[in-house]
Amino acid sequence: MSSLRTRLRVPSGAAPGETVTIRTIATHPMQSGLMPGPDGVTPPRNLVERFHCSFNGRTLIEIDLGPGVSVDPYLEFDAVVHESGEFVFTWVETDGSRHIETAAITVG
């Protein structure tokens with residue numbers, strides 16, 4: 000079962016050709032499987048290993064995350080929008096589970 004929760008901040012509208020800032024945070028423990036917990040037991044590896052964002056089917060950004068990434072990874076990036084459409088955000092965890100969210104933007 001996934002322990003991933005996400006929040007997005009995507010503008011609802013923009014002018015054609017405008018650069019918009021996209022912000023996302025994934026609430027996740029990011030267990031590397033290397034450090035013991037308070038009880039002395041080392042938890043299994045549980046990471047967000049990959050992040051992908053597309054807009055209207057075109058990849059905007061794709062990131063491989065690793066054990067060096069902090070708990071609750073925060074990502075911020077810019078995108079130039081020329082048309083209305085939908086951003087699709089995908090986070091992939093160590094066990095292969097995927098968390099997908101979408102956000103629409105209106106250009107005009």
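Reminder that position 22 of the sequence shown reads as 21 in numbering that gives the first Met the number 0, one-by-one numbering, no gaps.
Ideal Cβ positions, reconstructed from N, Cα and C, are used throughout, including at glycine.
Query	Result
Go through its chain and collect everything with a Cβ distance to G36's Cβ below 8 Å, but skip five positions before and after it.	P42
Please state whether the Cβ-Cβ distance between P28 and N55 is less than 8 Å.	no
Answer with buried or exposed for V80, where buried requires no fewer than 16 other C-beta atoms within 10 angstroms of its C-beta.	buried
What residue ranges within the stretch 26 to 102 form continuous beta strand (DSSP E) runs of no fewer than 3 residues, ordered along the chain?	47 to 54, 57 to 63, 73 to 80 and 84 to 92
Indicate the three-state DSSP secondary structure (helix, strand or coil) for L3 in the structure shown.	coil
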